[in-house]
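Asker: If you count the sequence shown from 1, you need to add 69 to reach the working numbering.
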Amino acid sequence: MSTIFKLRMIQFYPVFLFLLFLPIFTGCGNQGSAGPEIAAVKGTVSLDGDSIPVGDIIFEPADGAGPAAAGQIREGKFELQCPVGTKKVIISAARKTGKKGKDFGEDIMESYIPAKYNTETELLEKVSPDTENEFHFALKSM
């Protein structure tokens, strides 16, 4: 290779790298589709005065439009990020029955949260962008 060719390759190399990575850099960034506004949500969940040790909580849009947010309940507390708006709150938890499955000897679990708090939820909460969204759910068995 001639010296002139080598010099031209050295000069062109940075330009080549720039052109090679330009599509990648322009594709990485905010494309203007911000999505729904999100807010922090936290709180507690109890059933008949006792904290729910392990469970799940879902905040889904009351009107059925838009994304839902879900989190885990641990020792009666939860924290999650949720789109703002009025939400139906669905709470579920299961516990061991003390019985074992016939085939594999696994613990048989039962859902113990009343349907009015999950499959037929009556819980509604408003998640706001500029306030502290702290909710306390004191559920009753009957």
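Glycine included, C-beta positions come from ideal geometry on N, C-alpha and C.
Under three-state DSSP, which class holds K209?
Answerer: Stepping through the sequence shown from its first residue, residue 209 is reached at position 140. Three-state DSSP puts K209 in coil, outside helix and strand.
Asker: Taking all protein chains shown into account, decide if A139 is buried (16 or more other Cβ within 10 angstroms of its Cβ) or exposed.
Answerer: Position 70 of the sequence shown, counted from the start, is the residue given in the question as residue 139. It is exposed - the Cβ of A139 has fewer than 16 other Cβ atoms within 10 Å.
Asker: Does the pairing of the segment 180-189 with the segment 154-162 give three or more beta-carbon distances under 8 Å?
Answerer: Flag = yes, the segment 180-189 and the segment 154-162 touch.
Asker: Hey, would you say A108 sits closer than 7 Å to V196, going by beta carbons?
Answerer: If you number the sequence shown from 1, residue 108 lands on position 39. If you number the sequence shown from 1, residue 196 lands on position 127. Contact: yes.
Asker: Just how far apart, CA to CA, sit E148 and Q141?
Answerer: Reading the sequence shown from its first residue, position 79 is the one you call residue 148. Reading the sequence shown from its first residue, position 72 is the one you call residue 141. Whole-angstrom Cα-Cα distance: 8 Å.
Asker: From G133 to E203, what does the alpha carbon distance come to, in whole angstroms?
Answerer: Counting from 1 along the sequence shown, the entry for residue 133 is found at position 64. Counting from 1 along the sequence shown, the entry for residue 203 is found at position 134. In a straight line, the C-alpha of G133 is about 22 Å away from that of E203.
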